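Peer 1: Counting in UniProt numbering, the first sequence tops out at residue 152, every number present.
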Amino acid sequence: MSYWVMKSEPSVYGIDDLAAQPSQTDHWEGVRNYQARNMLRDQMRPGDLALLYHSNCPQPGVVGIMEIVRAGYPDHTAFDPESKYFDPKSDPDRPRWYMVDVRFKRRLARTIPLTELKANPALAETPLIRRGNRLSIMPVSAEHWQAILDME
DNA sequence: GCCAACGTTGGC
DNA sequence: GCCAACGTTGGC
1 MSYWVMKSEP
11 SVYGIDDLAA
21 QPSQTDHWEG
31 VRNYQARNML
41 RDQMRPGDLA
51 LLYHSNCPQP
61 GVVGIMEIVR
71 AGYPDHTAFD
81 PESKYFDPKS
91 DPDRPRWYMV
101 DVRFKRRLAR
111 TIPLTELKAN
121 PALAETPLIR
131 RGNRLSIMPV
141 SAEHWQAILD
151 ME
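#1: If contacts are defined as beta-carbon pairs under 8 Å, then D101 and D26 qualify, I think. What distance do you get, rounded to the angstrom?
#2: Taking 8 Å as the cut-off, does the segment 53–71 touch the segment 3–13 (at least 3 CB pairs, one atom from each stretch)?
#3: Give the straight-line distance between the Cα atoms of M99 and E29, rounded to the nearest whole angstrom.
#4: Closer than 8 Å by C-beta to Q21: which residues in its own chain qualify, once you throw out the five before and the five after it? Chain order, please.
#5: Note the first and the last residue of the continuous alpha helix (DSSP H) segment covering D101.
#6: Can you look up D16 in the DSSP assignment and give me helix, strand or coil?
#7: Over the uninterrupted beta strand (DSSP E) stretch that includes W4, give me the two end residues.
#8: Does the beta-carbon of L149 have 16 or more other beta-carbons within 10 angstroms, so that it is buried, or is it exposed?
#9: Which same chain residues, not among the five before or five after Y53, have their C-beta less than 6 Å away from its C-beta?
#10: So what does DSSP say about Y85, is it helix, strand or coil?
#11: Our contact map puts A19 next to R45 with C-beta atoms below 8 Å; I'd like the distance itself, whole angstroms only.
#12: Would you give the residue range spanned by the alpha helix (DSSP H) that D42 belongs to?
#13: Rounded to the nearest angstrom, what separates Q146 and E152 at their Cα positions?
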């Protein structure tokens, strides 16, 4: 079982949106980066856990925990010309982009802000806070996972 | 809004 | 394959 960090902009899709789903489950659509795609397609498995990180907002930080409930499968929004995630270079026979399904587990007791994550020496090596890392899906070690939750 | 740090595209 | 131009991300 693996741990992950998944980023989203709360103005687009945040923890409240996921929690509001009838099944508290949703597709993680719209990832259009090859490195992140490879993780979605090849590495994420049902039962894996992911921290949800809110980016591009007043208080960027980790806000909750999600569980991966379906392994990678083709991101159908890439096939839909009406979707903002449409990509004409992806088609059902040769899908370029993938997604997983995630289920809301819980909110953290508080948002753990990026400033605090950066200030924690135990997290110096975690991809989330390494400068310039813009991946929307990142692995996190079990040790770093625990170190983050210890800050809750 | 600014700008650093990327990733992608396309000419050659 | 190189690399300049361009687009995007995301903190601040």
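Using N, Cα and C, we set each Cβ at its ideal position, and we do this for glycine too. As the structure is a computational prediction, the values presented were derived from the model and not from experiment.
Peer 2: Quick look at the numbers:
#1: 7 Å
#2: yes
#3: 6 Å
#4: F104
#5: Premise fails: D101 lies in the beta strand (DSSP E), Y98 to P113, not in any alpha helix (DSSP H).
#6: helix
#7: Y3 to S8
#8: exposed
#9: V5, K7 and V62
#10: coil
#11: Not confirmed; about 23 Å, so no contact.
#12: Y34 to D42
#13: 10 Å
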